Each structure stands twice: as C-alpha cells, then as structure tokens.
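Residue 2 is where the sequence shown starts when you use our numbering, and the numbers rise one by one after that.
Ideal Cβ placement from N, Cα and C applies to all residues, glycine included.
Predicted model, so just to flag it, every value in this text is computed and none were measured.
Comments concern the structure below.
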Amino acid sequence: MQLLAPTFLLFALNLLDALLTIVWVRSGVATESNQLMASLLDIGNGPFLGVKIAIGAVAAVVLLRWGAKPLARYGLAVSLAVYLGLMGIHLFTGLSAFGLVSNTQIEQISTFTGQILGFIM
Numbered sequence: 002m003q004l005l006a007p008t009f010l011l012f013a014l015n016l017l018d019a020l021l022t023i024v025w026v027r028s029g030v031a032t033e034s035n036q037l038m039a040s041l042l043d044i045g046n047g048p049f050l051g052v053k054i055a056i057g058a059v060a061a062v063v064l065l066r067w068g069a070k071p072l073a074r075y076g077l078a079v080s081l082a083v084y085l086g087l088m089g090i091h092l093f094t095g096l097s098a099f100g101l102v103s104n105t106q107i108e109q110i111s112t113f114t115g116q117i118l119g120f121i122m
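Right, here's the structure in full:
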C-alpha cells in the first residue's frame, strides 16, 4: 500500500487532464494531439471521458497490484513526471486563452525548454 497516494495522484492528474482537454478543445483554444483520443472527442465528451477514466483505472489497478516491483515504481515516477509536465502545458494554455501570456512568450519558453532538454540529452 505504499503506492496508494502516488497512484491516486496519477489518477487525479489523468482525470484533470481529461477535463481540461475537453474545456480547451470545446472552447476552441487547443486541439487534441492524440488522434485516437481526438476521434473519441469528436464522438462526444462522454466516450472521451469514459476511455480516459478507464485507462486511469487500469493503470491504478496494475500499479497497486504490482507496486512492489521496481519497474512499477519507476513507471509511476515517469508517469507522474509526464503528467506534471502536461499540467504545465495546460497552465500555459489557460494563461494564453485568457490573454495573460502572449504567443511570443510561449515561443521563448518552448525554445528555452528545448535547449535545456537538448543539453541534458
């Protein structure tokens, strides 16, 4: 049960990602970049949300069942890092949508981030 809190956090971030994606896509601020999920979103909010919740639930069950394995712990850490980065993207999308951040500032941030990742790798 050591992974209960991080697994719940991962599920919550997955759900928040789904809800924010629906808001941004329906308001015309952004598009869904995952083509499979975009096709589900074209069908409706319900199928999109249902699949996102199902994926999160399966991931949570797998992590809780095999959480003692080192691979599960590493996978959980990587997944949380990816979702936290995704929340940053949602944050900047919202700031841009409300006019608080300009496109030039977003381009500068993405260039800076790309340079850091290029340096690391």
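The beta carbon of T94 is closer than 7 Å to those of W25, V30 and A31 in its chain, skipping five residues each way along the sequence. At the C-beta level, G68 and Q3 come within 8 Å of one another. In this model, Q116 and E108 are separated by some 12 Å (Cα to Cα). Taking C-beta atoms as the reference points, L41 and P48 count as a pair closer than 8 Å. DSSP, read as helix, strand or coil, puts V79 in helix. In terms of Cβ geometry, T8 and L87 do not form a close pair [threshold 8 Å]. Contact between G57 and N15 holds, with the beta-carbon distance rounding to 4 Å and staying under 8 Å. E108 sits in a helix when the DSSP states are folded into three classes. L96 sits in a helix when the DSSP states are folded into three classes.
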